[in-house]
Amino acid sequence: MAQKAVINRPGKRRVFGVYFRNNWQLYLLLMIPVIFVIIFKYAAYPGLRIAFMNYKPAKGFDGSPWVGWQTFEKIFRDKDFHRALRNSLAFNFLDLAIGFPVPIILALLLNELRFPRYKKISQTVLYLPHFLSWVIIASVALNLFKPETGLINILMKNAGWIEEGIPFLTEKWHWAVTYLLLGVWQNMGWGSIIYLAAITGIDAELYEAATIDGAGRWRKIWSVTLPCIRGTMVTLLIMNLGRVMGSNFERLDAFGNVQVKEFQYQLAIYIYEKGLAGANFSRATAVGLFQSLTGLLLVLGSDWVSKKLGEDGLL
Amino acid sequence: MQNTSKLVQEKKPSLWKGINRVRVSDFVIALVILLLSLTCILPFIHVAAKSISSNTAVLSKAVYLWPKDINLDAYASIFKDGQLTYSMGYTVLVTVLFTLIGMIVTICAAYPLSIKGLKGRSFFSFFLMFTMYFSAGLIPEYLLMSSLGLLNTMWVLVLPLAFSPYNMLIMRSFLVSTIPESLYEAAKLDGASHFQTLFKIVLPLSKPIIATLSLFYAVGRWNAYADAKYYITTKALQPLQYLLSNMVLSSGSDAISLSENAAVVSTPEVLQAATIMFATLPIIMVYPFVQKYFVKGAMIGAVKG
C-alpha cells in the first residue's frame with residue numbers, strides 16, 4: 002500500500018499540473034465571482050459575532066465586551082420579538098395556504114382556455130404585477146382602498162352597499178386580508194408559468210385515452226392533469242415551506258402604517274427598527290442570526306423531505 | 353363488429369352532451385380569466401385617469417376609469433420640480449451599471465461551472481450558492497458596507513447585489529442543456545483556449561439567456577429599494593422607487609412632497625396619481641416587448657440543473 006502511494010504521487014502531481022495548465026483560464030474566470038462573494042457576502046459573516054457582544058458602534062468590535070448568550074436570552078423574553086415571530090410565522094403560513102393553490106388553479110384554467118389569442122393576451126396581463134415594485138403596488142392600492150377617496154369604497158358607497166368607507170389598509174384585520182390577497186394577486190400569474198410548463202409536458206396520448214374511456218373535461222383535469230403535475234406541486238410546496246421564516250421587507254414596509262403595526266410588525270421590521278433605526282445592533286444581529294439559521298434548517302429539511310419523496314432535491 | 357357498432361352508438365349521445373357542456377364551461381373559464389386580467393389592468397387605468405383629470409373632478413370623486421377635464425398640469429409640475437426626472441435618470445444609470453456588472457460576474461461563474469470535467473466544480477458551486485441560503489443579516493451587512501466605505505454612495509446599490517446565485521444557476525442549466533459537449537471537444541481539438549471557446553462559441557449561443565438574465569437583473573434593480581433605505585441617507589443618491597415611497601406612502605419625517613418646489617396647481621390626490629404613473633409607465637411600456645424573455649427564464653429556472 003505504502004509503496005503504491007509513493008509511486009502514484011509524482012504521477013498524480015504531473016497529471017494535475019497538465020490539467021491546470023490546460024484549464025487555468027477557467028479558474029481565472031471563476032476567481033471573479035469568488036472574490037466578489039468574498040468581499041460582499043462572506044466578509045459580513047465575522048460581523049455575526051456582534052450577536053454575542055454588547056456592541057456599541059462608538060467602541061467598535063475591539064472595545065465592546067463579550068456577553069455570551071445573554072442577547073439571545075434577552076430576545077427570547079422580549080415581547081416585541083414574540084410578536085414579530087408570531088406575525089412572521091402566521092402571515093407566511095397564510096401566504097402559503099392561499100398563495101400555493103391559486104397559481105395551480107390559474108394554470109389549469111389557462112390550459113383549458115380555448116381561444117389561443119385571448120389566452121396569450123391574458124397571460125401577458127396576468128404576469129404584469131410580478132414586474133411592479135411593492136411601492137407601486139401599495140401606491141395603487143391606496144388609490145383603490147382608502148376609506149374616503151379609494152375607488153372601491155366610492156363605488157360601494159354609490160351602490161349603497163356601505164355607509165362608511167371600509168378601512169382596507171388602516172384597520173389591522175382588514176389590512177391582514179388585503180395584504181395577503183394582494184400578495185397572492187401579485188404572484189398568481191407568474192407562479193402559474195411553472196405549472197403551465199409542467200402541463201405542456203404531459204403526454205397527449207393520456208388525454209386521448211381518457212377521452213376514449215369517456216372522461217369529460219373535469220374528469221380529465223382530475224385524473225390526468227393533476228396527477229401528472231403532482232411532482233411539480235410537491236417540489237414547490239416543500240420549497241415554499243422552507244421559506245416560512247423569511248420575510249419581505251419591502252412588501253411590509255410599503256404597506257406599513259401606524260394603525261396596522263400590530264400585524265405588520267414582523268421579523269424584518271423588528272430587525273430594521275431595533276437595529277438601524279434604534280441602534281440596538283446586538284439584538285438585531287441576534288434576531289437576524291436566529292432567522293438565518295432556522296431558515297437554513299428549514300431549507301435543508303425540505304430538501305431532505307423532497308428527496309425522500311422521490312422528487313428532485315432543491316439543492 | 354356488432355360490439356363496435358354498439359359502442360359507437362353508445363358514444364354518440366355522450367359526445368354531443370360533452371360538446372354542449374364544453375361550450376358553457378369554456379365561457380365560464382374565459383369569464384374568470386377575464387375578471388382576473390381586469391384586476392391587473394383596471395387599477396392602473398384608474399390611477400392614470402386620475403393623473404390627467406382636473407382637481408375638481410377628482411375631489412368630487414367623479415373619476416373612475418375615464419379622465420374628466422383632461423389636463424397635464426400634474427405632469428407639468430413633476431417636470432418643473434425636477435426631483436423625479438433627476439431620480440429617473442439616476443436610477444437608469446444605476447440599473448445599467450448593475451446589469452452590466454451582474455452579467456459579467458454571472459457569465460464568469462456559469463461558464464466554468466457548466467463544464468462537466470472541471471475539478472472542484474461542486475465546491476465552487478457550493479461556495480457561490482451558500483450565501484443564498486445563509487445570509488449574515490442586516491446589521492453585519494450594514495457594518496460591512498460601512499467598512500468598505502460604500503455607505504451613501506451610488507456603488508452600494510450597484511455592487512453588493514450584482515451577483516445573483518439564482519441567475520447563475522439559470523445560466524448554468526441553460527449552458528449545460530443547450531451546448532453539447534461535442535462542441536467543446538471540437539473547439540479543444542482545433543486548439544481553442546477556454547477564453548476563445550467562451551467568446552467564439554458560448555457567448556454567441558447564449559444570446560437568449562443573456563437577454564433574459566439581463567432583464568431579470570434590470571427589473572430587480574429597478575424595483576428594489578430596501579437597500580437604499582438601509583444604506584443611503586443622501587437624498588440625491590436615492591433611487592426612484594424610494595423617492596416614490598417617500599412621496600406617496602410615507603407620512604413621517606422622511607416624507608417628501610413635490611409641492612414645496614413646484615408651482616402648486618394640483619391637489620395631492622392628482623399629483624400623487626401622476627407621480628405613481630411617472631414611475632410605473634417605463635415598466636408598463638417596455639413590458640409587453642420583453643415579457644416573453646422573462647417567461648423563458650422562469651421556465652429554465654423551473655427545470656433547474
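Protein chains in written order, with the working numbering: chain A, 2 to 316; chain C, 353 to 657.
By construction, the Cβ of each residue, glycine as well, lies at the ideal position given by its N, Cα and C atoms.
Beta-carbon proximity check, residue i vs residue j, cutoff 8 Å
i, j, result
"I33/A", "V457/C", "yes"
"I628/C", "V647/C", "no"
"I51/A", "I491/C", "yes"
"S224/A", "L111/A", "no"
"L170/A", "L129/A", "no"
"M520/C", "A461/C", "yes"
"F73/A", "A287/A", "yes"
"S293/A", "G243/A", "no"
"Q593/C", "I584/C", "no"
"G649/C", "I522/C", "yes"
"E1/A", "A578/C", "As shown, chain A starts at 2 and ends at 316. That puts residue 1/A outside it, with no answer to give."
"K42/A", "T483/C", "yes"
"L268/A", "A85/A", "yes"
"I272/A", "G489/C", "yes"
"T447/C", "N504/C", "no"
Range of the contiguous alpha helix (DSSP H) that encloses residue i
i, result
"M157/A", "152 to 159"
"M455/C", "435 to 465"
"D81/A", "80 to 100"
"K275/A", "Segment: none, K275/A is in no alpha helix (DSSP H) and carries neither H nor E."
"F256/A", "250 to 256"
"W418/C", "That residue, W418/C, is in no alpha helix (DSSP H); it is neither H nor E in DSSP."
"I195/A", "173 to 201"
"S597/C", "That residue, S597/C, is in no alpha helix (DSSP H); it is neither H nor E in DSSP."
"H546/C", "546 to 549"
"S498/C", "490 to 499"
"I239/A", "231 to 242"
"L290/A", "282 to 309"
"F568/C", "559 to 575"
"L129/A", "No alpha helix (DSSP H) holds L129/A; DSSP gives it neither H nor E."
CA nearest to the CA of residue i, picked from the options
i, options, result
"V444/C", "M497/C, R573/C, L555/C", "R573/C"
"K471/C", "I203/A, E149/A, V16/A", "V16/A"
"P634/C", "L509/C, A426/C, M455/C, V571/C", "V571/C"
"H175/A", "G202/A, G232/A, K147/A", "K147/A"
"M240/A", "G217/A, L299/A, R84/A", "L299/A"
"L417/C", "L133/A, I105/A, I153/A", "I153/A"
"W1/A", "Y645/C, A650/C, A625/C, F547/C", "Any question about residue 1/A goes unanswered here, given that chain A covers just 2 to 316."
"R231/A", "G311/A, I272/A, Y208/A, I213/A", "G311/A"
"F62/A", "I106/A, W70/A, G48/A", "G48/A"
"L227/A", "A211/A, V245/A, I200/A, A216/A", "I200/A"
"I422/C", "Y463/C, T483/C, A626/C, P640/C", "A626/C"
"S134/A", "E113/A, G184/A, I99/A, E149/A", "G184/A"
"L464/C", "A382/C, E621/C, K540/C, L527/C", "Note that residue 464/C is Pro in the sequence shown here, rather than Leu. The shortest Cα separation from P464/C among A382/C, E621/C, K540/C, L527/C belongs to L527/C."
"A514/C", "L565/C, T549/C, A539/C", "L565/C"
"L390/C", "T295/A, T125/A, Q265/A", "T125/A"
"F53/A", "T295/A, W305/A, G289/A", "G289/A"
Backbone CA spacing between residue i and residue j [nearest angstrom]
i, j, result
"A615/C", "N407/C", "Note that A615/C scores 44 on pLDDT, short of 50, meaning its location in the model is unreliable; the coordinates nonetheless yield the value given after this. C-alpha separation (whole angstroms): 15 Å."
"T437/C", "A255/A", "22 Å"
"V80/A", "H131/A", "It should be noted that the sequence gives Lys, not Val, for residue 80/A. If you take the alpha carbons of K80/A and H131/A, they lie about 35 Å apart."
"S357/C", "P102/A", "Here the model assigns S357/C a pLDDT of 45, short of 50, so the residue's position is not dependable, and the following value carries that caveat. If I take the Cα positions, the gap works out to 43 Å."
"I39/A", "A45/A", "9 Å"
"Y536/C", "R524/C", "15 Å"
"L367/C", "K158/A", "Since pLDDT at L367/C reaches only 49, below the 50 mark, its modelled position is unreliable, and no value is offered."
"L297/A", "R115/A", "43 Å"
"P58/A", "V68/A", "16 Å"
"M637/C", "D96/A", "30 Å"
"L555/C", "A198/A", "26 Å"
"D468/C", "F431/C", "Rather than Asp, the amino acid found at residue 468/C in this sequence is Lys. Approximately 54 Å between the Cα atoms of the pair."
"A409/C", "E165/A", "21 Å"
"L30/A", "D542/C", "21 Å"
"R87/A", "S597/C", "27 Å"
"E612/C", "L623/C", "Low per-residue confidence applies at E612/C: pLDDT is 48, beneath 50, and the placement is therefore not dependable, though the value from the model is reported in the following sentence. Answer to the nearest angstrom: the Cα atoms are 12 Å apart."
"E263/A", "L181/A", "15 Å"
"I562/C", "A98/A", "35 Å"
"A576/C", "G454/C", "15 Å"
"F476/C", "A580/C", "30 Å"
Review point. Just by C-beta distance, which residues in the region 370 to 394 of chain C are closer than 8 Å to chain A?
Key: G370, R373, V374, S377, D378, I381, A382, V384, I385, L386, L388, S389, T391, C392, I393
Practice item. Could you name the residues of the region 473 to 503 of chain C whose beta carbon sits closer than 7 Å to any beta carbon of chain A, in the order they occur along the chain? Key: F476, F479, L480, T483, Y485, F486, S487, A488, G489, L490, I491, P492, E493, Y494, L495, L496
Review point. What are the residues of the region 509 to 524 of chain C that lie near chain A, defined by any Cβ-Cβ distance shorter than 9 Å?
Key: L511, P512, L513, A514, F515, P517, M520
Practice item. Give the residues from the region 268 to 282 of chain A that approach chain C closer than 7 Å (Cβ to any Cβ), ordered along the chain. Key: I272, Y273, G276, L277, F282
Review point. For the region 618 to 642 of chain C, which residues have a beta carbon sitting closer than 7 Å to at least one beta carbon of chain A?
Key: E621, A625, I628, A631, T632, I635, Y639, P640
**Study point:** Contact list for the region 41 to 55 of chain A against chain C, Cβ threshold 8 Å
**Key:** F41, K42, Y43, A44, A45, Y46, P47, G48, L49, I51
Check your understanding: Residues in the region 215 to 231 of chain A with C-beta within 9 Å of chain C's C-beta atoms, listed in sequence order?
Key -> G215, G217, R218, W219
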